[in-house]
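Notes to accompany the following structure.
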Amino acid sequence: MEPTPEQSPHHAYPDHWEADVVLRDGGTARIRPITTDDAGRLVSFYEQVSDESKYYRFFAPYPRLSARDVHRFTHHDYVDRVGLAVTIGGEFIATVRFDRIDGQGRPASAPADEAEVAFLVQDAHQGRGVASALLEHIAAVARERGIRRFAAEVLPANTKMIKVFRDAGFTQQRSFEDGSVHLTLDLEPTAESLAVQRGREQRAEARSVQRLLAPGSVAVVGVGRVPGGVGRTVLRNLLGSGFTGHTYAVNTSFAAGQGTVDGVPAHRSVGEIGERVDLAVVAVPADRVPEAVADCGEHGVRGLVVLSAGYAERGAEGRERQRELVRQARSYGMRIIGPNAFGIINTSDAVRLNASLAPESPKAGRIGLFTQSGAIGIAVLSGLHRRGAGLSAFISAGNRADVSGNDFLQYWYEDERTDVALLYLESLGNPRKFTRLARRTAAVKPVVVVKGARHSGTNPPGHAVPVSRIPDATVSALMRQAGVIRVDTVTEMVDVGLLLAGQPLPAGPRVAILGNSESLGLLTYDACLAEGLRPRPPRDLTTAAGPRDFRDALAEALADRTCDAVIVTAIPWVGEDGEAETGDGEVLAAALREAAATGPAKPVAVVHVEMGGLAQALAAATSTAGSSAPRPAAPGAGEETSPAPRPSDTAARKRSAPSAPPSPSGSPAAPAPGVPVEDTAATGRPGPAAGRMPAYPAAERAVRALGEVVKYAQWRRHAASPGKVPEFLDETIDEHGTARLIGTLLGPDPDPRGRPLTHDEARELLARYGVTVRPALPAPDPEAAVTAAATIGYPVALKTTAPHLRHRADLGGVRLDLVSENALRRAYDELTDLLGTPAELRPVVQAMAPRGVDTVVKASIDAAAGAVLSFGLAGAPSELLGDTAHRLVPATDRDAAELIRSIRAAPVLFGWRGAAPADTPALEELLLRVSRLVDDHPEVVSVTLEPVVVATHGLTVLGASVRLAPPPARNDLGPRRLPSY
């Protein structure tokens, strides 16, 4: 919207306050500032509010708004007087307004930092979380305008509004004065308010997905009059899946009184149906989609699956068409899967929905699958079906202009029918939110991701989202930090998913290998070592071994306290006549299941070579829907031999893990490590069963899958105690002084591109966070170098600081251990003779640091992913090999410790080849200080400490560069809003 001429140009319409939000029931609404054009909407809205709600708002009977009221409530300066409205279909359903006041409650202007706030929600929309969403947004607006507190007067009988304020999580005070409740809210976000906000976000977005996956009725818009075509195909698949709700066929070209199509009621429009429609599948040409969306929105459809193509995948014109589609659907409160989608499937027996182009629904199971590609979705569905796996839900979102993988993570987090989440992603619209949601979900059930388009530097056609410039290796490291199992191929995703869905998590990395081929056992052993596992020597049962031998060997391995997982390898065995036999696969599969059913709960994977019968028998027995046969926990003690938890068991978590506190949102928390496998009689949920052993045609695939599961299980155990930021940092950090210094350095009108700090400015800034940078004195000529050395004291280092030579000791730009004036002069001459003039080299003199390991500490801001902390060893080899580790900010003490230990060259810091170990605790503290700096002050967009020399005792920071810029937007900390690309 554009500002009207009546509004001051200094207070122009703030379009960045506009936002689409998901409400508690899963519907959407739009929040925007109220303008002078809204007088008619305001009057119409007020007429639909009950007398009781009006009384609660004005503390007196107030049947209608006067002309003066309408003018006051629609004219705002967007600074001292602000009004926001919630709209659906362009009409108001709620409003909120604040007026800045002084200490006596009178109208005021800045610098007064308090405002009086009041809400009004239409009765038909109360209970949908409208007021809670409005409070988040009006609080953010107030903070932007320098308001720090809200004051509100509420009648005691208005318990709903009192609850909205009470449950917001803000620091507040309450008192009872003159017959009303006086509330004061401190608008500074708190840990509680952020937890409340994210809890509401999770429940709302999960509900919006549930509305799409479990409709009571479906209309297919675009059903052809003759067999064939996309619409007719979807209708056929809906009917074939046995959908439990009502189904309708819609086509504007149907003749009047068409009657039915394929036995389904046929109509020319959704409005003609005359019954409520929950979900519409749109399969019409792109130019006719707006008409179909309007028809759906005006008649109460809750969600859309848009199969139509011709959107962002077609270029700039298509991207704008896609944006308009999203705007139109959200204006009616609908969410969209697509456009250019393949469809959705829900295998729940209560729903049995196949609103997709997949001709056959997968069987029910406990794997949730999300893809951004229809072709990949078809391939994964086929692979899972071939290997006997079932799904809880399948979503192929196409251009995912609205509903994305983040929404399904919100849904799967608490979905008791899903134990494992598999996602094929080609772009991340909000990486910061994705890692946050993935971390929370991975704490209770595995999340396996394949990321396409990793190296292109652009998004695939159709994905109109911001492009992150973070290298793929960094993205992978951040996913690992969040507990995501990142794999490279769709095949690996299926391999890992099957193991997770069918077997318990291992308690450690120790692997028993058994089989009837010594060579295959050795290949498996080598693969285990390559994956970082700890295999025991393979047990060769010889080629004469039969099913009973396999059964006994597996039972013995499972009972062994020194192993955490078992890999069974099998080749065709030799019969009595000396001929190789493929054997009866069903007999061997039954023998393996028998051993596993009676043994302790440990993961078992089967590697088969040329034994298709075995693979088919295991696939036929495999059911990721679960089994009723409980298994005893593994014996033993200690972390590596403690009973292993299932990858996910929501019911068990609620009953058996009281020590794990619930999250602030009230959602289930992660189970404690080592929770034993639950008995089905106690939980009502099946335990791991012998019939769910995944089979692999190659040892490397089985071991790779097991290796990923072992790393995930270790992360899961650590996630129960994620670490903390040490309190001692607070005593040595000057947060407020740093903020003032940053304000001075940026100035009143900072350049949006930011500015680098000088050496002295960077030293001063870092010193306020306890980071001491060794001073370097400029040496523009030999005499200045000698003077600097005399000031510092010998021995000294002479080094260049020119950008092309900085930190490049390999190019000869550094001279160390200069113990005298003669040595210094000689080094100065050598540098200038070899590399250039002093003006070009910019030499400096610096005191020598104690010998140690040269390292690099960095922190940088990515507009999409947020602040990232990085660590590696200094020097060309580490740069060439990409041996750098990354963690998201804020980093905890555990993150800092893992950051140091996760690079491949980490042994250099821990006494490699007899060297003295470096002071890694000091290095961890430095990492925490840098993390805290960029987290506290988003204006610090880049920090590089290089080199950081880590000695046996202590460390020395020899170089530092810092860049400041106006703080980037932090959407993850602001009020809830749907993305708009």
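Using this note's numbering, read the sequence shown as starting at 15 and increasing by one per residue. Think of the CB as a built atom: it goes at the ideal place given N, C-alpha and C, for glycine as much as any other residue. None of these values were measured; they are calculated from a predicted model.
Please confirm if Ala837 has its CB atom under 8 Å from at least one CB of chain B.
The displayed structure is made up of one protein chain only, and chain B is not part of it.
Count the other CB atoms within 10 Å of the CB of Ser735; is the residue buried (16 or more) or exposed (fewer)?
Counted from its first residue, the sequence shown places residue 735 at position 721. That one is exposed.
Is the beta carbon of Leu555 closer than 8 Å to that of Pro549?
Locating residue 549 in the sequence shown gives position 535, counting from the first residue. Locating residue 555 in the sequence shown gives position 541, counting from the first residue. No, they are not a contact pair.
Identify, in the order they occur along the chain, each residue of the same chain with its Cβ nearer than 7 Å to the Cβ of Ile914, setting aside the five sequence neighbours on each side.
The sequence position of residue 914 within the sequence shown is 900, counting from 1. Correct list, in chain order: Phe885, Ala920, Leu923, Thr934, Leu937 and Glu938.
For Tyr27 and Ile107, what's the separation of their Cα atoms in angstroms?
Here residue 27 refers to the residue found at position 13 of the sequence shown. Here residue 107 refers to the residue found at position 93 of the sequence shown. Rounded to whole angstroms, Tyr27 to Ile107 spans 21 Å at the Cα level.
What are the boundary residues of the alpha helix (DSSP H) that includes Lys177?
Stepping through the sequence shown from its first residue, residue 177 is reached at position 163. Where Lys177 is concerned, the enclosing alpha helix (DSSP H) stretches over Thr173 to Arg180.
Where does Ala873 land, buried or exposed, given buried means 16+ other C-beta within 10 angstroms?
Walking along the sequence shown from the start, residue 873 turns up at place 859. Ala873 is buried by the Cβ-count criterion.
Is Glu66 helix, strand or coil when you go by DSSP?
Start at 1 with the first residue of the sequence shown, and residue 66 comes out as number 52. Residue state, collapsed to three classes: helix.
Beta carbon of Ile358, beta carbon of Asp416: below 8 Å?
Counting from one through the sequence shown, the residue named residue 358 turns up at place 344. Counting from one through the sequence shown, the residue named residue 416 turns up at place 402. For Ile358 and Asp416, no; Cβs fall outside 8 Å.
Taking only the alpha-carbon atoms, compute the straight-line gap between Val582 and Arg730 and give it to the nearest angstrom.
As a position in the sequence shown, residue 582 is number 568, starting the count at 1. As a position in the sequence shown, residue 730 is number 716, starting the count at 1. Approximately 26 Å, taken between the alpha carbons.
Please state whether DSSP places Thr583 in a helix, a strand or coil.
For the purposes of this step, residue 583 is identified with residue 569 of the sequence shown, where counting begins at 1. In this structure, Thr583 counts as strand in the three-state DSSP scheme.
Does DSSP put Thr247 in a helix, a strand or coil?
Along the sequence shown, one-based indexing puts residue 247 at 233. Thr247 falls in the helix class under three-state DSSP.
Which same chain residues, not among the five before or five after Glu960, have their C-beta less than 7 Å away from its C-beta?
The count along the sequence shown starts at 1 and reaches residue 960 at position 946. So the list reads His821, Val870, Ala888 and Gly973, once near-sequence residues are dropped.
Determine the direct distance from the alpha carbon of Pro708 to that of Asp39, and round the result to whole angstroms.
The count along the sequence shown starts at 1 and reaches residue 39 at position 25. The count along the sequence shown starts at 1 and reaches residue 708 at position 694. So the alpha carbons of these two residues sit roughly 39 Å apart.
For Arg157, does the three-state DSSP call read helix, strand or coil?
Working through the sequence shown from its first residue, we reach residue 157 at position 143. Helix at Arg157.
Which first and last residues belong to the alpha helix (DSSP H) in which Ser207 is found?
Within the sequence shown, residue 207 is the residue found at index 193, counting from 1. First-last of the alpha helix (DSSP H) with Ser207: Ala205 to Leu227.
Helix, strand or coil for Thr846, going by three-state DSSP, please let me know.
Within the sequence shown, numbered from 1, the residue matching residue 846 stands at position 832. Thr846: helix per DSSP, three-state reduction.
Kindly indicate which residue of Leu367, Val976 and Gly599 has the alpha-carbon position closest to the one of Ala781.
Indexing the sequence shown from 1 puts residue 781 at position 767. The residue with the shortest Cα to Cα distance from Ala781 is Val976.
So what does DSSP say about Phe87, is it helix, strand or coil?
Along the sequence shown, read from residue 1 onward, the residue named residue 87 stands at position 73. Helix.
Looking at Arg380: is its Cβ nearer than 8 Å to the Cβ of Ser255?
The residue you call residue 380 lines up with position 366 of the sequence shown. The residue you call residue 255 lines up with position 241 of the sequence shown. No, the pair does not count as a contact, with Cβ atoms beyond the cut-off.
Rounding to the nearest angstrom, what Cα-Cα distance links Gly784 and Asp774 in this structure?
Taking the first residue of the sequence shown as 1, we reach residue 784 at position 770. Taking the first residue of the sequence shown as 1, we reach residue 774 at position 760. Roughly 15 Å between the two C-alpha positions.
Are the region 386 to 394 and the region 263 to 281 in contact at 8 Å, needing three or more beta carbon pairs?
Because the criterion of three Cβ pairs below 8 Å is not met, the region 386 to 394 and the region 263 to 281 do not touch.
Using only CA atoms, which one of Val501, Ala487 and Ala863 lies nearest to Asp897?
Against the sequence shown, residue 897 aligns to sequence position 883. Comparing Cα-Cα distances from Asp897 to each of Val501, Ala487 and Ala863, the minimum goes to Ala487.
Going by DSSP, what residues sit across from Tyr438 in a beta bridge?
Against the sequence shown, residue 438 aligns to sequence position 424. In DSSP, Tyr438 forms a bridge with Thr385 and Val464.
Please go through the region 930 to 988 and give each complete alpha helix (DSSP H) segment of 4 or more residues, from N-terminal end onward.
Those alpha helix (DSSP H) runs which fall completely within the region 930 to 988 and span 4+ residues are 934 to 950.
For Ser123, which residues in the same chain have their Cβ closer than 7 Å to its Cβ, ignoring the five residues on either side in sequence?
Stepping through the sequence shown from its first residue, residue 123 is reached at position 109. Closer than 7 Å at the Cβ level, and outside the excluded window around Ser123, lie Asp94 and Arg114.
Touching or not, the region 849 to 858 and the region 809 to 817, by the rule of three or more beta carbon pairs under 8 Å?
They touch, by the three-pair rule.
Would you grab the beta carbon distance between Ile45 and Ala147 for me? Rounded to a whole angstrom, and I think it's under 8 Å.
Against the sequence shown, residue 45 aligns to sequence position 31. Against the sequence shown, residue 147 aligns to sequence position 133. Going by Cβ atoms, the distance from Ile45 to Ala147 rounds to 7 Å, so yes, they are a contact pair.
Relative to the C-alpha of Gly236, which residue among His90, Arg250 and Pro980 is closest?
As a first step, residue 236 is located in the sequence shown; it is residue number 222 there, counting from the start. Of His90, Arg250 and Pro980, the residue nearest in Cα terms is Arg250.
Quick one: measure Cβ to Cβ for Ala965 and Arg865, integer angstroms, because I've assumed they're closer than 8 Å.
One-based indexing of the sequence shown puts residue 965 at position 951. One-based indexing of the sequence shown puts residue 865 at position 851. So it is a contact: roughly 6 Å between Cβ atoms.
Suppose contacts are defined by Cβ-Cβ distances below 8 Å. Is Gly402 in contact with Ala633 by that definition?
Here residue 402 refers to the residue found at position 388 of the sequence shown. Here residue 633 refers to the residue found at position 619 of the sequence shown. Yes. Within cutoff.
Measuring CA to CA, which of Asn420, Trp426 and Ile499 is closest to Tyr726?
Position 712 of the sequence shown holds residue 726. Taking only the C-alpha atoms, the option nearest Tyr726 is Ile499.
If you check the beta carbons only, do Val264 and Thr538 fall under 8 Å apart?
On the sequence shown, residue 264 is found 250 positions in, with the first residue counted as 1. On the sequence shown, residue 538 is found 524 positions in, with the first residue counted as 1. Not closer than 8 Å, so no.
Between the alpha carbons of Lys177 and Glu105, how many angstroms are there, rounded?
Numbered from its first residue, the sequence shown carries residue 177 at position 163. Numbered from its first residue, the sequence shown carries residue 105 at position 91. Cα to Cα, Lys177 sits roughly 26 Å from Glu105.
Would you check if the region 166 to 177 and the region 200 to 209 touch, i.e. whether three or more CB-CB distances between them fall below 8 Å?
These segments do not touch.
Do you know whose CA, among Glu608, Gly238, Val903 and Pro299, lies nearest Val278's CA?
Along the sequence shown, read from residue 1 onward, the residue named residue 278 stands at position 264. For the residues Glu608, Gly238, Val903 and Pro299, the minimum Cα distance to Val278 belongs to Gly238.
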